[in-house]
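> Sharing a structure below in structure tokens format, with a few things to ask.
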Amino acid sequence: MPEENPAAEAAEGATGAANGAADAAGGGAEGAGDAAAGAADILAQSGGGDAWYSIASLLDKGGPIVAILLVLSVISAAVILLKIFQFWSAGLSKRSFVDPAVDKVEAGDLGGALEILKKQKTPLARAMAAGVRAKMRGDLRDEDVAAEISRVGTMEIGSLQRYLRWLEVIGNISPLLGLLGTVIGMINAFQSLEAAGTQVDPALLSGGIWVALLTTAVGLIVALPAITALNLFEGKIDQVRLSMRDAAARVIAALHVRPGSVQSRAAQ
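Letter by letter, the sequence shown follows residues 0 to 267 in numbering that gives the first Met the number 0.
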């Protein structure tokens, strides 16, 4: 029997391990290179992240339904931005002037109350000022003053609600349009499958299905911001409406404390 050499076997084992590690590293590098090449191909096919290419691809795949949904999304975004600017510029959260104005009314200083309210550019201040002006024009009944505040308040609320109907319509019809596009796409997919006859390619059906589902996804994407913004805006308008009712009640109560105070001071 040949004599075993432990040192030679150890050296051979080390050489084999090194070769194995090199092969593994080479295979890993090759796999990483393939993955990177695949990612590059995907980016190239998707236009390298080009937004315009993505929109054009959506229009090409989704057809006229997606085109309509994209137009609705632009309208929805424009209305949302417009209402955000309107609500912000109107100062709907400002109520610090209410107590000083009511105090002036209770003291019989309607002119002072009106000056406080005229400095404010909010719907609530304009509604309260309308009631004060109505009282200053004559010895009106409390019901008449309340009616004037309600009239102006209704106009202010109507201004805040303007264009919100667009968001409601877009939020309601966008999913339905998307579903319609999906149904049409599924019909087209099965028609293509029928035309293929016995030579059925699974990719033909799966490709038609994902293109059909694309319109539903776009419809939901368009509807969600519109519905969310609509509910937020309507919640803010409800707060303004409640504030107007509270302010009207406080003004009427303050006038009732000192009825005819303006006329009595004028006579003095």
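Even for Gly, the Cβ is constructed at its ideal location relative to N, Cα and C.
#1: Among the residues of its own chain, which have a CB less than 6 angstroms from the CB of Glu-147, if the five just before and after it don't count?
#2: For Leu-166 and Ala-216, which I take to be in contact (beta-carbon distance under 8 angstroms), what is that distance rounded to the nearest angstrom?
#3: For Val-104, does the count of other Cβ atoms within 10 angstroms reach 16, so buried, or fall short, so exposed?
#4: Please state whether DSSP places Arg-249 in a helix, a strand or coil.
#5: Under a Cβ-count criterion, where at least 16 other Cβ atoms within 10 Å of its own Cβ denotes burial, should Ile-236 be classed as buried or exposed?
#6: Which residues in the same chain have their Cβ closer than 7 angstroms to the Cβ of Glu-155, if we skip the five residues on either side of it in sequence?
#7: Between Val-221 and Ile-169, is the Cβ-Cβ spacing less than 8 angstroms?
#8: Taking the CB atoms as reference points, tell me whether Leu-219 and Gly-157 lie closer together than 8 angstroms.
#9: How long is the line joining the alpha carbons of Ser-53 and Val-210, rounded to whole angstroms?
#10: Might you give, ordered along the chain, the residues of its own chain that have their beta carbon closer than 6 angstroms to the beta carbon of Gly-152, omitting 5 neighbours on each side?
#11: Answer yes or no: do Arg-249 and Val-101 have a C-beta to C-beta separation smaller than 8 angstroms?
#12: For the putative contact between Leu-116 and Phe-96, defined by C-beta atoms under 8 angstroms, what is the C-beta separation to the nearest angstrom?
#13: Under a Cβ-count criterion, where at least 16 other Cβ atoms within 10 Å of its own Cβ denotes burial, should Ala-21 be classed as buried or exposed?
#14: When the Cα atoms are used, what is the spatial distance from Asp-245 to Gly-62?
#15: Quick one: Cα of Met-135 to Cα of Leu-231, how far?
Walking through what the data contain:
#1: If we look at Glu-147 and ignore the five residues flanking it on each side, its Cβ neighbours are Ala-129, Gly-130 and Ala-133.
#2: Actually they do not touch by this definition, with Cβ atoms about 20 angstroms apart.
#3: With a threshold of 16 other beta carbon atoms within 10 Å, Val-104 meets it and is buried.
#4: Three-state DSSP puts Arg-249 in a helix.
#5: Flag for Ile-236 reads buried.
#6: Once the five neighbours on either side are set aside, the close Cβ partners of Glu-155 are Pro-122, Arg-125 and Ala-126.
#7: Yes.
#8: Contact flag unset, no.
#9: C-alpha separation (whole angstroms): 14 angstroms.
#10: Hits under 6 angstroms: Ala-126 and Met-243.
#11: Between Arg-249 and Val-101, the C-beta spacing is below 8 angstroms.
#12: Cβ atoms of Leu-116 and Phe-96 come within 8 angstroms of each other, at about 7 angstroms.
#13: Its pLDDT being 41, under 50, Ala-21 is placed unreliably in this model, and the value from its coordinates should be taken loosely. Here Ala-21 is exposed. Its C-beta has fewer than 16 other C-beta atoms within 10 Å.
#14: For Asp-245 and Gly-62, the distance between alpha carbons rounds to 52 angstroms.
#15: Near 37 angstroms, if we compare the C-alpha coordinates of Leu-231 and Met-135.
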